Amino acid sequence: MYIDISDYLERLGRLYKKVDHAYSEIAEELGFTCEGCKDNCCQNVFLHFTVVESLYLIEGFRKLEREVKEEIYQRAEDYNRAYASTSRPVLNLKKFCPLNFDGRCVLYEYRPIACRFYGLPGKLVSPARGAEEFRGCWRFEELYPGSERMLDRTEFYKELAALEGDLRKRLCYYQKYKKTIAQMILDEKSPEGLIPRNYDFFEGY
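Shown next as structure tokens:
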């Protein structure tokens, strides 16, 4: 029995639109943009923890031209080697995401939630960690020192967690998930990867 996951991806797309709207409201209020930034957030290491976001990203990846996909595969392999050989890579690795072409993300509309939040200061209340606050990027702190404006991520992550839980139950997928975008991309290429080709999810996978 095949499992149709299109509803889960549509729900995630709607959530992303809400995240983007909330981000834009604060950014526009402050006049904050990435123009003139000397850094590039795509050189930071982001870890992603949801299967549904991986599936959404691959949905976009599969729409790219074959030559672009092959280039991304090569970049993902290079990135993964650098990640594996770097001590504490989240802190110490500075390498462009394999999806960054000429300073732009080729899957911008499909990028994960962590990428969407980056830049603005944020706060999050979770059962596991309690209340947390996150600093803005260096450019934000340079432009708005002492700003108390924050994007509350709590409700967005609650919705994402509920969506992820629904999908995992449907797929009977209960193992932990923590991957970079490069690893998500390489899963698509590997027969042993999380994501079977063409979304051929069998009942009980």
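Residue numbers (my numbering): 15 to 219. Don't be surprised by glycine CBs; every beta carbon is placed ideally from N, CA and C. In this text the structure is predicted, and so the values were computed from the model without any measurement.
- Secondary structure note for residue 144: its beta strand (DSSP E) is the uninterrupted segment 144 to 148.
- Residue pairing by DSSP places residue 62 opposite 193 in a beta bridge.
- Closest by C-alpha distance to residue 92, out of 106, 32, 112, is 112.
- Listed in chain order, the non-local C-beta contacts of residue 103 below 7 angstroms within the same chain comprise 59, 97, local neighbours out to five positions each way being set aside.
- Classified as exposed, residue 186 has fewer than 16 neighbouring CB atoms from the shown chains inside 10 Å of its CB.
- Within a 10 Å sphere around the beta-carbon of residue 154 sit 16 or more other beta-carbons, which makes this residue buried.
- Around the C-beta of residue 47, fewer than 16 other C-beta atoms lie within 10 Å, and the residue is accordingly described as exposed.
- Looking from the CA of residue 69, the closest CA among 101, 85, 20, 34 belongs to 20.
- Cβ-Cβ distances below 8 angstroms link residue 73 to 23, 124 in the same chain, with the five nearest sequence neighbours on each side left out; the list follows chain order.
- Where residue 109 is concerned, there is no enclosing beta strand (DSSP E), because DSSP gives it neither an H nor an E.
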